[in-house]
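In full-length UniProt numbering, the protein residues as written are 1 to 351.
All C-beta atoms, glycine included, are put in the ideal place defined by N, C-alpha and C.
Presented below is the structure to which this report refers.
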């Protein structure tokens, strides 16, 4: 069996790497194609070291551009490779333009498409990622869902054939990396376990508008009077705080430069709660058995909201939501058992 995996962004590289290890165990031939949608020259970080991520077999070098231009460029170049390699199946990941481009090429050439992270839905419906998800799911033959809710989402859209709940491949990654989490920052800051909040904030809809950012930071100031907040501040957010003269709201907050995954997850594991607008961190908080206050109007990880583990908040109720008492037991196995990669490969191997 020959598989082509198409990736275009760093998170997809990491998801593919987890899956690659399982494909290699089964002796399945995998060709890795990188579209170049997002190119990170520094491939020497901890993920690449730990996962032994391999270099792509093909690099399309499409670069940035408008959505249509980028998707079209990827399709043109990727189709040439598919025609040359004649794979049995094409794997796409997540919700980028690369994802949709790969699925369209495969579908037009009548090659089965497998979508890793299928079935996620999020408002607003016109956001590029949501469009990519929905269209990719419509033309995929095998839909590997991270949660039962993702399976239900597809069922509501009359997509039931080839749908599998395999769990979240990022939980596989969490379990692989957990033994290497770092706690130096926790110790240096003399923090108390389960007695501080870890915060991240970087989304344009939260930090770019002066009035909204001020309201969020006023809520943060109020929270910081009662609970220690540790805030690795994103360059975009730092720039806005300085531009709008909002430093006064962060006097009681421990501000840090952005930190790497291992140190960040060390802080998450020792925290009381997490405040974030990061799609990844709200889920990683769950992996670490910590509740996240999600400062977004909606989330792709709605199952955690439905289970009353994570909470959606906004600039007007962030304080209230942070201290809301939730008598909810930790919901186990929402994203599977950490063997997502193994399950996907087993299904593919039996096709």
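Note: residue 115 is bridge-paired with 92, 143 in the DSSP secondary-structure output. If you ignore the 5 residues before and after residue 13, its C-beta comes within less than 7 angstroms of the C-beta of 7, 53, all in its own chain and listed in chain order. Contact check between the region 161 to 177 and the region 9 to 26: three or more CB pairs, one atom from each, fall below 8 angstroms, which counts as touching. Shortest Cα-Cα distance from residue 247 to any of 165, 226, 273, 218 involves 218.
Around the beta carbon of residue 330, a 10 Å sphere encloses fewer than 16 other beta carbons of the protein chains shown; the residue is thus reported as exposed.
By the Cβ criterion, the region 216 to 231 is in contact with the region 186 to 204, since at least three pairs of Cβ atoms, one from each stretch, lie closer than 8 angstroms. Around the C-beta of residue 296, 16 or more other C-beta atoms lie within 10 Å, and the residue is accordingly described as buried. Counting along the chain, no alpha helix (DSSP H) covers residue 5; the unbroken beta strand (DSSP E) around it starts and ends at 2 to 7. Taking 7 angstroms as the cut-off, the Cβ atoms of residue 3 and residue 30 count as close.
In terms of Cβ geometry, residue 298 and residue 122 form a close pair [threshold 7 angstroms]. Annotation for residue 130: 122 place their beta carbon closer than 6 angstroms to its own, counting only its chain and skipping 5 residues before and after. With distances taken between CA atoms, residue 290 lies nearest to 273 out of 302, 273, 205. Beyond the five residues adjoining it in sequence on each side, residue 206 comes within less than 7 angstroms, by CB distance, of 212, 213, 216, 277, 295 in the same chain, given in chain order. Secondary-structure assignment with DSSP links residue 196 through a beta bridge to 228. In this model, residue 64 and residue 347 are separated by some 34 angstroms (Cα to Cα). When 202, 307, 19 are compared, the shortest CA-CA separation from residue 343 is found for 19. The beta carbon of residue 32 sits closer than 6 angstroms to those of 5, 56, 57, all from its chain and outside the five residues before and after it, given in chain order. For residue 172, the enclosing alpha helix (DSSP H) begins and ends at 169 to 177. The DSSP assignment places 273 to 276, 291 to 294 as complete runs of the beta strand (DSSP E) inside the region 259 to 327, in order along the chain (cut-off: 3 residues).
By the Cβ rule, the region 124 to 139 does not count as touching the region 302 to 313, because fewer than three pairs are nearer than 8 angstroms. The region 25 to 73 contains, as complete beta strand (DSSP E) runs of 3+ residues, the segments 29 to 34 (chain order). The criterion of a C-beta distance shorter than 7 angstroms is not satisfied by residue 102 and residue 153. Residue 94 places its beta carbon 7 angstroms or farther from that of residue 69. DSSP places residue 348 inside the alpha helix (DSSP H), whose first and last residues are 340 to 349.
Look at residue 254 here: in three-state DSSP terms it is strand. Around the CB of residue 322, 16 or more other CB atoms lie within 10 Å, so the residue is classed as buried.
Spanning the alpha carbons of residue 23 and residue 239 requires a straight line of approximately 43 angstroms. Straight-line measurement puts the Cα of residue 147 at about 5 angstroms from the Cα of residue 335. Taken through DSSP and simplified to helix, strand or coil, residue 105 comes out as helix.
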